Structures are given as structure tokens and as C-alpha cells.
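K.L.:
Pasting in a structure now, in C-alpha cells, and then I'll have a few things to ask.
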Amino acid sequence: MTLPLQILQTTDDSLLAQFFQASVGQWRSERRYYTLPEGETKEMVSVITINFLEQGCEKLRKLAQMHGLPDTVSLTCGAEVIWESTNSISNKKESKGTTLFGALGNTIYRDRGFATAKPVTAQYYFPNPTTLCLRTEYNNSVFEEELKLVGSKYRTRQSIISRAGEQLMIGQYLEKRI
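Taken in order, the sequence shown gives residues 29 to 206; the numbers are from our numbering.
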């Protein structure tokens, strides 16, 4: 007899801390964005550096302040992501910057969103211990992301951006540890 597959959906802070810690280091991110419905593509390469942020550190305190959280509230853990992106076809530098992530309960607080420089929040869960799923909503758009650790040397990511129930863009990423 075969038992049905059980999907774990948890927002355990310790799983998130383990995921962030397993992601620490430098990554080469190769990604392709598909604009829908036309299917126009854009290819990018980024060098990403991920640092783990411990509860109580200055960067997490500042992130909590950006979101107007009371001083008595402490984000449990976080990550700092530093990136520099280049268009794969033209070799033109596209963007560079830093993003902070901090967790509290089932919410991830960010200092900026994918399409905004303003602070945003995402709801997160783990369907399994190596896959982090995020859902972020702002400016009438929904950003659904899945990040999956594949062993210790690879990560995959997929992002789907929707507005008014219509998918606008899909981003697919393969990240290799440098």
C-alpha cells in the first residue's frame, strides 16, 4: 500500500534561519525573465553575496524601525543580499544594490521590493526544509517566489509576477555557489 505524499507547510523560524545560513556565500545567478503574454525574454547574470543576520544586530534593528515595529519587537533572523547584475546579451551593467530580509512569525520584512524601493512584507512558508516560498503584494501586484536549495552548491529560484489575476512575468534562476 502506498501512502499519499504529505506536504509540509510550516513557518518555523528555525527552518528559515537554517535556510538563510545554508545560503551564505557568493553565488553566480543566471536568470531569464519571460514577459507575458508576448514571451519576450531578457537574460541576466548576477553575482550575489548573502550574509546571515543574527537576531538583535544593527541591520535588523534598522529594518524593524523602517517597518514601524515597536522597539520591544526583535526580528528573529535575517539575511543581507548584495548583488550586481549584467545583461547577458549586451554585457551592459543593469543594476546593483543591497536588500535586507528579516523574519518575525510567518512574515519576512524587506527594506525594498522587486519593483519598489519602499519597505515591503512577504508571507512565507516551507513546503519542505529546502524550499522557501514567499508571497508579496504591493501596488496591485502579487509576487510569488520559490527558492530551492539543491545540495550545497546550487539554488533554483522562480518568480511569478501577476496583476489583477493575470500573470505578467516569470523569472527563472539557476544559482551556482562561487
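Virtual Cβ for every residue (Gly too), placed ideally from N, Cα, C.
Computed from a predicted model, the values in this text were never measured in an experiment.
#1: Note down, in chain order, each residue of its chain lying with its Cβ closer than 7 Å to the Cβ of Leu31, except the 5 sequence neighbours on either side.
#2: First and last residue of the beta strand (DSSP E) that includes Phe80?
#3: Could you tell me the boundaries of the beta strand (DSSP E) in which Phe142 lies?
#4: Relative to the C-alpha of Gly141, which residue among Glu194, Leu128 and Asn119 is closest?
#5: Roughly how many whole angstroms lie between the Cα atoms of Arg56 and Ser180?
#6: Using the C-alpha atoms, what's the distance from Met197 back to Ser42?
#7: Output needed for Glu174: all residues of its chain with C-beta closer than 6 Å, excluding positions within five of it in sequence on either side, in chain order.
#8: In the DSSP assignment, the alpha helix (DSSP H) including Ser42 goes from what residue to what residue?
#9: What are the partner residues of Gln93, as DSSP defines its beta bridges?
#10: Can you tell me which of Thr159, Pro157, Asn156 and Asp139 puts its alpha carbon nearest to the alpha carbon of Ala150?
#11: How many angstroms separate the CA atom of Ser51 from the CA atom of Leu177?
#12: Can you grab the Cα-Cα spacing for the pair Ile136 / Gly130, in whole Å?
#13: Would you call the stretch 115-124 and the stretch 71-83 touching, i.e. three or more CB-CB distances under 8 Å?
#14: Tell me the rounded alpha-carbon separation between Asn119 and Gln93.
#15: Excluding the 5 residues flanking Arg191 on each side, which residues of the same chain have their C-beta closer than 7 Å to its C-beta?
P.N.:
Taking the structure as given:
#1: In the sequence shown, residue 31 corresponds to position 3, counting from 1. Because Leu31 carries a pLDDT of 46, less than 50, the predicted location of this residue cannot be relied on, and the following value inherits that uncertainty. Contacts found: none.
#2: Taking the first residue of the sequence shown as position 1, residue 80 is located at position 52. Counting along the chain, Phe80 sits inside the beta strand (DSSP E) bounded by residues Glu68 to Glu82.
#3: For the purposes of this step, residue 142 is taken as the residue at position 114 of the sequence shown. Looking at the DSSP string, Phe142 is not in any beta strand (DSSP E), and its letter there is neither H nor E.
#4: Position 113 of the sequence shown, counted from the start, is the residue given in the question as residue 141. The shortest Cα separation from Gly141 among Glu194, Leu128 and Asn119 belongs to Leu128.
#5: Stepping through the sequence shown from its first residue, residue 56 is reached at position 28. Stepping through the sequence shown from its first residue, residue 180 is reached at position 152. Between the C-alpha atoms of Arg56 and Ser180 there is a straight-line separation of about 14 Å.
#6: Locating residue 42 in the sequence shown gives position 14, where the first residue counts as 1. Locating residue 197 in the sequence shown gives position 169, where the first residue counts as 1. A straight line joining the alpha-carbon of Ser42 with that of Met197 spans about 32 Å.
#7: Locating residue 174 in the sequence shown gives position 146, where the first residue counts as 1. Here the set comprises Cys161 and Gln186.
#8: Numbered from its first residue, the sequence shown carries residue 42 at position 14. Here the alpha helix (DSSP H) through Ser42 covers Asp41 to Ser51.
#9: As a first step, residue 93 is located in the sequence shown; it is residue number 65 there, counting from the start. None, per the DSSP bridge assignment.
#10: Walking along the sequence shown from the start, residue 150 turns up at place 122. When the alpha-carbon of Ala150 is set against those of Thr159, Pro157, Asn156 and Asp139, the nearest one is in Asp139.
#11: Counting from 1 along the sequence shown, the entry for residue 51 is found at position 23. Counting from 1 along the sequence shown, the entry for residue 177 is found at position 149. So the alpha carbons of these two residues sit roughly 8 Å apart.
#12: Here the question's residue 136 lines up with position 108 in the sequence shown. Here the question's residue 130 lines up with position 102 in the sequence shown. In a straight line, the C-alpha of Ile136 is about 5 Å away from that of Gly130.
#13: Between the stretch 115-124 and the stretch 71-83, the count of C-beta pairs closer than 8 Å reaches three or more; the two stretches touch.
#14: For the purposes of this step, residue 119 is identified with residue 91 of the sequence shown, where counting begins at 1. For the purposes of this step, residue 93 is identified with residue 65 of the sequence shown, where counting begins at 1. Take the alpha-carbon of Asn119 and the one of Gln93: they are about 38 Å apart.
#15: The residue you call residue 191 lines up with position 163 of the sequence shown. These residues qualify, in order along the chain: Asn168 and Ser169.
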